[in-house]
Ligand SMILES: *Cc1c(COP(=O)(O)O)cnc(C)c1O
């Protein structure tokens, strides 16, 4: 096949699909001069609550702050423990730490990359306040098992659904299962905004009210502050743009799923393991992530063929320098540590063409047929990336 250039994302091409609509809603906001709490905020909250079936949706300024404000609503106290997977984006654990809480890292299931319920069960102590499963890469964690563990002990579940808008689990939507759930509209997410943005979903009325108050400095009525919150508000302009992009979400989700199905077919018998979908789960493929022992060599080879790829994530959270005070050692969470060296995400965005998919897969297959690269080849190739 002739060489092609296949990027991980193509937001510029995507923008062409709705550029006019975006310009028009931006103009409307400009003319209204209502940059804070304009009508687009309530409209976005309502549409996302309606389409997921969550009880309430509260727009905030990032996925990270969605996690932070959700934990603030639980009234997390210093020393309180929150169980999180060791294999996720940093923000999941960072939010716990910022409130003085103690992230308790547990291992994942190698097949799904999601938190292992048995590991959750053994990590529970008297100080456990919450469990934060992450729906990694767009597939829901094993929520039935996790919720059963939490319900027996009155522990809150907060879904980190930043990568999982539209994902389903046994007929339920992501964001409807935990007491609270957090979404990110970071530009590269499946519903990516134009700048930072996030949403807290509340399935508990009291917690939803608290999140609303905390978003605006803990104000319960005008200038009365029941508790200390922050300024966690989303801008009207960003909400208006997200409402435009929301029209494309279902179509884009189906396209990601079709791309993944085609990769599955093409790579099914190759040297890499393809993602596994659990029965009853609707995966939305925020990432299409394969595993191979020869990850770094494969990545360098793909780059040499014009194919971008990415490693989410190269270092498990329990081994991050900032969490050294927690005393974790290499070997403590072996599955998370192993997959950090094996995962590779391939381009899987809605603008990918069929020929791109074939080309990417043909490069992976060609790599598999080549002899293992001599030691040092990958590092040489990497310098040219
Ligand atoms: C992106 C992401 C976040 C943080 O969202 P931001 O909007 O970037 O702050 C949190 N958790 C996970 C799993 C994410 O992928």
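Residue numbers (our numbering): 41 to 425. All C-beta atoms, glycine included, are put in the ideal place defined by N, C-alpha and C. Only a predicted model underlies this, so the values are computations on that prediction, with no experimental measurement involved.
Three Cβ pairs or more, each shorter than 8 Å: is that satisfied between the segment 310 to 319 and the segment 394 to 409? Touching, yes.
Which residues DSSP lists as bridging residue 265, in chain order: Answer is 259, bridged to residue 265.
Which residues in the same chain have their Cβ closer than 6 Å to the Cβ of residue 425, if we skip the five residues on either side of it in sequence? Here the model assigns residue 425 a pLDDT of 37, short of 50, so the residue's position is not dependable and the matter cannot be decided.
Collapsed DSSP secondary structure at residue 67 in the structure displayed: Residue 67: helix per DSSP, three-state reduction.
Residue 331 - containing beta strand (DSSP E), residue span: Where residue 331 is concerned, the enclosing beta strand (DSSP E) stretches over 328 to 331.
Own chain residues within Cβ distance below 7 Å of residue 61, not counting five before or after: Around residue 61, the same chain offers 284 as residues with beta carbons nearer than 7 Å, after the five sequence neighbours per side are excluded.
Between the segment 143 to 154 and the segment 245 to 261, are three or more C-beta pairs nearer than 8 Å? The answer is no - the segment 245 to 261 does not touch the segment 143 to 154, with fewer than three Cβ pairs under 8 Å.
Report the rounded CA-to-CA distance for residue 77 versus residue 281, giving the unit in angstroms. When only Cα atoms are considered, residue 77 and residue 281 end up about 14 Å apart.
Spatial neighbours of residue 66 within its chain, please: C-beta separation below 8 Å, excluding the five flanking residues on both sides. Answer for residue 66: 277, 280, 281, listed in chain order.
I'd like the span of the alpha helix (DSSP H) that includes residue 277, first residue to last. Start and end: 276 to 307.
When the distance is taken between beta carbons, is residue 208 closer than 9 Å to residue 429? Not covered by the structure: residue 429. The range shown for the chain is 41 to 425.
How many angstroms separate the CA atom of residue 381 from the CA atom of residue 354? Taking the straight line joining both Cα atoms gives about 7 Å.
Specify the secondary structure class of residue 416 as computed by DSSP and reduced to three states. Any reading at residue 416 is ruled out, since the residue's pLDDT is 47, under 50, leaving its predicted position unreliable.
Rounded C-alpha distance that separates residue 363 from residue 41: Cα to Cα, the separation comes out at about 46 Å.
Can you tell me the Cα-Cα spacing of residue 53 and residue 302, whole angstroms? The alpha-carbon atoms of residue 53 and residue 302 are separated by roughly 22 Å.
Ignore the nearest five residues each way along the sequence and tell me which others in residue 428's own chain have a CB closer than 6 Å to its CB. Missing from the structure shown is residue 428; the chain here goes from 41 to 425 and no further.
Which residue marks the beginning of the beta strand (DSSP E) containing residue 172, and which one marks its end? In the DSSP assignment, residue 172 falls outside any beta strand (DSSP E) and carries neither an H nor an E.
Mapping DSSP to helix, strand and coil, what is residue 242? In the structure shown, residue 242 sits in a strand (DSSP, three-state: E or B).
Output the distance between the C-alpha atoms of residue 182 and residue 156, rounded to the nearest integer angstrom. Taking the straight line joining both Cα atoms gives about 8 Å.
Would you mind working out which of 232, 249, 211, 189 sits nearest residue 240, comparing C-alpha positions? Measuring from the Cα of residue 240, the nearest candidate turns out to be 249.
Could you give the distance in angstroms between the alpha-carbon of residue 391 and the alpha-carbon of residue 297? Those two C-alpha atoms are separated by around 13 Å.
With distances taken between CB atoms, is the gap from residue 226 to residue 134 smaller than 9 Å? Cβ atoms of residue 226 and residue 134: not closer than 9 Å.
Taking 8 Å as the cut-off, does the CB of residue 211 come closer than this to any heavy atom belonging to ligand 1? Residue 211 has its CB no nearer than 8 Å to any heavy atom of ligand 1.
With C-beta atoms as the reference, is residue 187 less than 9 Å away from residue 197? Contact check for residue 187 against residue 197 passes: the beta carbons are separated by less than 9 Å.
Quick one: Cα of residue 437 to Cα of residue 178, how far? Residue 437 lies beyond the range of the chain shown here (41 to 425); nothing can be said about it.
Just to confirm my understanding: we take residue 119, look at its own chain, exclude 5 residues before and 5 after, and list those with CB closer than 8 Å. What are they? Same-chain partners within the cutoff: 140, 141, 142, 167.
If we require 4 or more residues per run, which alpha helix (DSSP H) segments fall completely within the segment 104 to 165? Counting only runs of 4 or more residues that sit fully inside the segment 104 to 165, the alpha helix (DSSP H) segments are 131 to 138, 157 to 163, in chain order.
Near residue 114, what residues of its chain come up, given a Cβ to Cβ distance below 7 Å and the 5 sequence neighbours on each side ignored? Within the same chain, 169, 170, 196 come within 7 Å of residue 114 by CB-CB distance, once the 5 residues on both sides are set aside.
Specify the secondary structure class of residue 321 as computed by DSSP and reduced to three states. The answer is strand: DSSP assigns residue 321 an E or B state.
Looking at residue 104 and ligand 1, is the gap between the Cβ and the nearest heavy atom below 8 Å? Indeed, a heavy atom of ligand 1 lies less than 8 Å from the Cβ.
Residue range of the beta strand (DSSP E) that residue 96 falls in? It spans 96 to 100 - the beta strand (DSSP E) in which residue 96 sits, taken as one unbroken run.
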